[in-house]
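Engineer: Residues 30 to 297, numbered by the numbering used here, are exactly what the first sequence covers, in order. Idealized CB from N, CA, C, for every residue including glycine. Take a look at this one; I'll ask things after.
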Amino acid sequence: MPEGHTIHRIARDHRTLLAGRALRVSSPQGRFTDAVRVDGATLVDLEAYGKHLFHHWSTGEIGHIHLGLFGKFRVHRTAEPPEPRGAVRMRVTADDDGEPVTIDLAGPTACSVGPPHDRDVIVARLGPDPLRADADPDLAVHNMARSRRAMGALLLDQSVLSGVGNVYRAEALFVHGIHPRRPGTACSEHELRMLWTTLRDMLRAGVRSNRIVTVTRDELDLPRGARIPRREATYVYKRDRCLRCATPIAAIEVANRTCYHCPTCQPT
DNA sequence: ATACCATGAACAG
DNA sequence: TGTTCCTGGTATC
Numbered sequence: 030m031p032e033g034h035t036i037h038r039i040a041r042d043h044r045t046l047l048a049g050r051a052l053r054v055s056s057p058q059g060r061f062t063d064a065v066r067v068d069g070a071t072l073v074d075l076e077a078y079g080k081h082l083f084h085h086w087s088t089g090e091i092g093h094i095h096l097g098l099f100g101k102f103r104v105h106r107t108a109e110p111p112e113p114r115g116a117v118r119m120r121v122t123a124d125d126d127g128e129p130v131t132i133d134l135a136g137p138t139a140c141s142v143g144p145p146h147d148r149d150v151i152v153a154r155l156g157p158d159p160l161r162a163d164a165d166p167d168l169a170v171h172n173m174a175r176s177r178r179a180m181g182a183l184l185l186d187q188s189v190l191s192g193v194g195n196v197y198r199a200e201a202l203f204v205h206g207i208h209p210r211r212p213g214t215a216c217s218e219h220e221l222r223m224l225w226t227t228l229r230d231m232l233r234a235g236v237r238s239n240r241i242v243t244v245t246r247d248e249l250d251l252p253r254g255a256r257i258p259r260r261e262a263t264y265v266y267k268r269d270r271c272l273r274c275a276t277p278i279a280a281i282e283v284a285n286r287t288c289y290h291c292p293t294c295q296p297t
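The structure is reproduced here in structure tokens:
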């Protein structure tokens, strides 16, 4: 289940497998009728922006995929790809003499192909993505600093900054002792700049490990080299008690989503 | 077997 | 602000 780190990791992994190769593109489920428009084309490159994934095709058109809450890719590296499992919206298969690869996409919120302008329209409504080299931190900082909306809402708003989801918002606000309902205007620019850095580092770690782990290993009482269980991997998200002060974690609604925080470490 | 919930976001009004 | 669309894991009967 995807926040921005998942999309950037997918772009990277799929680039290794598919970039520069001619692909067969189909829609076993039938709902992605535009598959025919890029069927047989070469996938020039993949691009991640926030939680959006773009396929740059040799036809000049650009594919757009958004996984939403449920979307998933499945990679098959066998010569004979298996029968599509469930409702496969898009299937791409390498159509050359290289390593066999088939990738299935199921359950996405968005899956389309269009002219570059369509991609530009989507990107234009996204705030800076901490995982991108071209991101402007100042823009994100000012987007937050001038808004009276709650920080918990601002971090989920993809036009403020892009790629952050419900887990990273809770974790980053905890690290900086910011209550999810604190208005953006009540944060200092320095605080917001540090928050950006924390989010960038958390997202980078997420790309590296392909999962969300925000705690550092030495904050846990675990044997060296042991895998961190999901419930132990966060400071406040879905925790019963704060990892740092053992106060019971509070769950409140912010921007229509459950936001976890520590009432002691994040008083205001 | 069924209900509910979730790391998302568009749309209606 | 509420409704709708995706899917799958876990909880509850």
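Please return the same chain residues whose Cβ sits closer than 6 Å to the Cβ of Phe-61, not counting the five positions on each side in sequence.
Structural biologist: Working through the first sequence from its first residue, we reach residue 61 at position 32. Same-chain partners within the cutoff: Arg-118, Met-119, Cys-140.
Engineer: Which term fits Glu-109, buried or exposed, when burial requires 16 or more other beta carbons within 10 angstroms of its beta carbon?
Structural biologist: By 1-based counting over the first sequence, the position of residue 109 is 80. Glu-109 should be labelled exposed.
Engineer: Give me the Cα-Cα distance between Cys-291 and Leu-98, rounded to the nearest whole angstrom.
Structural biologist: Reading the first sequence from its first residue, position 262 is the one you call residue 291. Reading the first sequence from its first residue, position 69 is the one you call residue 98. When rounded, the distance between both Cα atoms is 25 Å.
Engineer: Look up Asp-133 in the DSSP assignment and say whether it is helix, strand or coil.
Structural biologist: Counted from its first residue, the first sequence places residue 133 at position 104. Asp-133 falls in the strand class under three-state DSSP.
Engineer: Taking the alpha-carbon positions, what's the Gly-194 to Arg-233 distance?
Structural biologist: What you label residue 194 is simply residue 165 of the first sequence in a count that begins at 1. What you label residue 233 is simply residue 204 of the first sequence in a count that begins at 1. Roughly 14 Å separates the two Cα atoms.
Engineer: Assuming Thr-293 and His-208 are in contact, meaning their beta carbons sit under 8 Å apart, how far apart are those beta carbons, in whole angstroms?
Structural biologist: Residue mapping note: residue 293 aligns to position 264 of the first sequence, counting from 1. Residue mapping note: residue 208 aligns to position 179 of the first sequence, counting from 1. Contact doesn't hold; Cβ gap of about 11 Å is too wide.
Engineer: Per DSSP, what kind of secondary structure is Ala-40 in: helix, strand or coil?
Structural biologist: For the purposes of this step, residue 40 is taken as residue 11 along the first sequence, with counting starting at 1. Correct three-state label for Ala-40: helix.
Engineer: When DSSP labels each residue in this structure, what does Pro-145 get in the three-state scheme?
Structural biologist: Within the first sequence, residue 145 is the residue found at index 116, counting from 1. In the structure shown, Pro-145 sits in a helix (DSSP, three-state: H, G or I).
Engineer: Ignore the nearest five residues each way along the sequence and tell me which others in Arg-44's own chain have a CB closer than 8 Å to its CB.
Structural biologist: Here residue 44 corresponds to residue number 15 of the first sequence, with the count starting at 1. So the list reads Asp-74, Leu-75, once near-sequence residues are dropped.
Engineer: In terms of residues, what are the limits of the alpha helix (DSSP H) holding Leu-251?
Structural biologist: Your numbering for residue 251 matches position 222 in the first sequence. From DSSP, Leu-251 is part of no alpha helix (DSSP H); its letter is neither H nor E.
Engineer: Would you tell me roughly how many angstroms separate the C-alpha atoms of Arg-103 and Glu-200, rounded to the nearest one?
Structural biologist: As a working mapping, residue 103 is identified with position 74 in the first sequence. As a working mapping, residue 200 is identified with position 171 in the first sequence. So the alpha carbons of these two residues sit roughly 28 Å apart.
Engineer: Is Thr-88 near Val-67, with beta carbons less than 8 Å apart?
Structural biologist: Residue mapping note: residue 88 aligns to position 59 of the first sequence, counting from 1. Residue mapping note: residue 67 aligns to position 38 of the first sequence, counting from 1. Cβ distance < 8 Å, so Thr-88 and Val-67 count as in contact.
Engineer: Just curious, the beta strand (DSSP E) that Asp-230 is in, first and last residue?
Structural biologist: Here residue 230 refers to the residue found at position 201 when the first sequence is read from its first residue. It is not in any beta strand (DSSP E) - Asp-230 instead sits in the alpha helix (DSSP H) that spans 218-238.
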